[in-house]
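Asks:
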Amino acid sequence: MLKKIKIFLSLIITILIALTIYFKFIQKNTIKVPSIHLNGKTIITLTEGNTYKEPGYKAFDENGKNITNKVKIKGNINTNKQGTYQITYTVKTKNNLTAKAHRFIKIVKPNNPIYKESYNNIDNQSRGWWSNNKSNGQRPTGGADINELKKYNAYYMGPDEKVLYLTFDEGSNDTYVKEIVSVLDQNNVKATFFLCRKYMEMNNDLIKQMDNNGHTIANHTSHHLNMPSLATKENFNKYLEEITSVEQTYYNITGKKMQKIYREPRGEWSYRSLQILKDLGYKTYFYSAYYLDFEEDVSKEKALNELTKKVHNGAIYLLHPKNKGNYLALDTFIKTMKKQGYRFDLVQNIK
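Going by this note's numbering, the sequence shown wraps up at 344, each residue one higher than the last.
#1: State yes or no: is the C-beta of Lys276 within less than 9 Å of the C-beta of Lys253?
#2: Can you tell me which residues form a DSSP beta bridge with Gln202?
#3: Tell me which residues share the same chain as Thr242 and place their Cβ nearer than 7 Å to its Cβ, disregarding the 5 neighbours each side in the sequence.
#4: Am I right that Pro314 and Tyr169 are in contact with their C-beta atoms under 8 Å? What's the rounded C-beta distance?
#5: Just curious, the beta strand (DSSP E) that Ala94 is in, first and last residue?
#6: What is the residue span of the alpha helix (DSSP H) that Phe53 lies within?
#7: Have a look at Lys171, Phe229, Leu223 and flag the residue whose alpha-carbon is nearest the alpha-carbon of Lys317.
#8: With a threshold of 7 Å on Cβ separation, who are the neighbours of Val26 within its own chain once the five nearest residues in sequence on each side are excluded?
#9: Buried or exposed: which applies to Arg336, given that a residue is buried once 16 or more other Cβ atoms fall within 10 Å of its Cβ?
#10: Helix, strand or coil for Asp272 per DSSP?
#11: Glu110 and Gly68 - do their beta-carbons sit closer together than 9 Å?
#12: Going straight from the alpha carbon of Ile36 to that of Thr77, what length do you get?
#13: Between the C-alpha atoms of Val340 and Ile210, what's the straight-line distance to the nearest angstrom?
#14: Can you find the residues in the same chain that come closer than 6 Å, C-beta to C-beta, to Thr61, ignoring five residues on each side of it along the sequence?
#15: Excluding the 5 residues preceding and the 5 following Tyr108 in the sequence, name in chain order all residues of the same chain whose CB lies nearer than 6 Å to its CB.
#16: With burial defined as no fewer than 16 other Cβ atoms inside 10 Å of the residue's Cβ, what is the status of Pro152: buried or exposed?
#17: Just mark Gln268 as buried or exposed, buried being the case when its beta carbon has 16 or more other beta carbons within 10 Å.
#18: In chain order, what are the residue ranges of uninterrupted alpha helix (DSSP H) at least 4 long that sit wholly in the region 215 to 283?
#19: Taking a contact to mean a Cβ-Cβ separation below 9 Å, would you say Ala322 touches Lys344 in this structure?
#20: Once the 5 residues before and after Thr38 are set aside, which same chain residues still bring their CB inside 7 Å of it?
#21: Is Phe187 buried or exposed, if buried means 16 or more other CB atoms sit within 10 Å of its CB?
#22: Does the separation of the CB atoms of Arg311 and Asp178 fall below 9 Å?
#23: Taking buried to mean at least 16 other C-beta atoms within 10 Å of its own C-beta, is Phe326 buried or exposed?
#24: Indicate the three-state DSSP secondary structure (helix, strand or coil) for Ser3 in the structure shown.
#25: Of all the beta strand (DSSP E) runs that stay within the bounds of the region 55 to 84, which reach a length of 3 or more residues?
#26: Answer with buried or exposed for Gly207, where buried requires no fewer than 16 other C-beta atoms within 10 angstroms of its C-beta.
#27: Going by beta-carbon coordinates alone, are Lys201 and Thr247 separated by less than 9 Å?
#28: Assuming Val156 and Gly334 are in contact, meaning their beta carbons sit under 8 Å apart, how far apart are those beta carbons, in whole angstroms?
#29: Please classify His95: is it buried, with 16 or more other beta-carbons within 10 angstroms of its beta-carbon, or exposed?
#30: If I measure Cβ to Cβ from Ala184 and keep anything under 6 Å in the same chain, skipping five residues before and after, which residues do I get?
#31: What's the gap between the Cα of Gly274 and the Cα of Glu154?
#32: Does the Cβ of His213 have 16 or more other Cβ atoms within 10 Å, making it buried, or fewer, making it exposed?
#33: DSSP on Gly135, reduced to helix/strand/coil?
#34: Roughly how many whole angstroms lie between the Cα atoms of Tyr284 and His305?
#35: Please state the DSSP three-state secondary structure of Gly318.
#36: Applying the criterion that 16 or more other CB atoms from any shown protein chain within 10 Å of the CB defines a buried residue, is Ser266 buried or exposed?
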């Protein structure tokens, strides 16, 4: 028995010696290579508009020497566009040995609208909209280049065709909207009404009628404020509330989602505000034909004269339904324009 134990122990010792020799051989003959170690996750998810911050990395040559300063990084990330982007880290040693590592950045749509840091790079100067509309039928210029505005899904005039667009801005409840809608319906003309939340809440039946008859109920904000002043990170929630509360009111009345058609209150706008609205899915419509129709006592004759002399191809008319003269002149104006070969359309059909 003792002899068997000695043989067993001898065998164990022999195996251990053999394993020791084997591992020393492997260690001596292992090929050493450089390496890159990435800090943080190799797959990073960011919501659209946020800034990517590099988590860091370290690199070592085949002898374990730190060569992080020799790492080269390749790959572009557009945090304003959804998608998956790849960053490649490469390092090469003096012996021309190379190591690579990869990180993937996924840009996803946020669950709720957020204030993008990129907005800070967009001009937020509050401007007043204008048009140099003359009485000669020529297509006017406006408060910004027509092609530049298209980048923001914004328009102030339709195509150079015999088509006119009637739009009405409402910021108060003392109006002739109901009467104007009646005239439009009698002439089979559709128009766009930029309405504030309170007016919609107090005129549910009229809103349903306008919607059913094919007119566009468009967003003119909740409180008719200067929106560029709210187009900041600090005020962004208020900015959103001005827009979304009108959408919710429209849905509560009609049971439908509101079309994303918008006009800045008081014609006060900024490029940043336009970009935010675009990101919210809106198209913004300014105007190319208007006159000072804020006074309530404008006569039918004056209103008709102003509307007629402002005509040009693709004209977007800004009218205020508070003005009785606009209401009284509307029927004659529509009939006259149709006789001259013009047709009427909704601004949402401008491309």
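Every residue gets a Cβ at the ideal spot worked out from N, C-alpha and C, and that includes glycine.
Replies: Judging by the given coordinates:
#1: yes
#2: Looking at the DSSP assignment, Gln202 forms no beta bridge with any residue, so it has no partner.
#3: Arg190, Met193, Glu194
#4: 5 Å
#5: 91 to 101
#6: First-last for Phe53: 50 to 53, but that is the beta strand (DSSP E), not the alpha helix (DSSP H).
#7: Lys171
#8: Glu55, Leu90, Ala92
#9: exposed
#10: helix
#11: no
#12: 10 Å
#13: 11 Å
#14: Lys51, Ala52
#15: Lys226, Phe229
#16: exposed
#17: buried
#18: 229 to 247, 264 to 272
#19: no
#20: Lys99, Val101
#21: buried
#22: Contrary to the premise, residue 311 reads as Leu rather than Arg in this sequence. Against a cut-off of 9 Å, the Cβ pair of Asp178 and Leu311 comes out as no contact.
#23: buried
#24: helix
#25: 65 to 67
#26: exposed
#27: yes
#28: In fact, because the Cβ distance is near 10 Å, the residues do not count as touching under 8 Å.
#29: exposed
#30: Leu159, Leu177, His208
#31: 27 Å
#32: buried
#33: strand
#34: 14 Å
#35: helix
#36: buried
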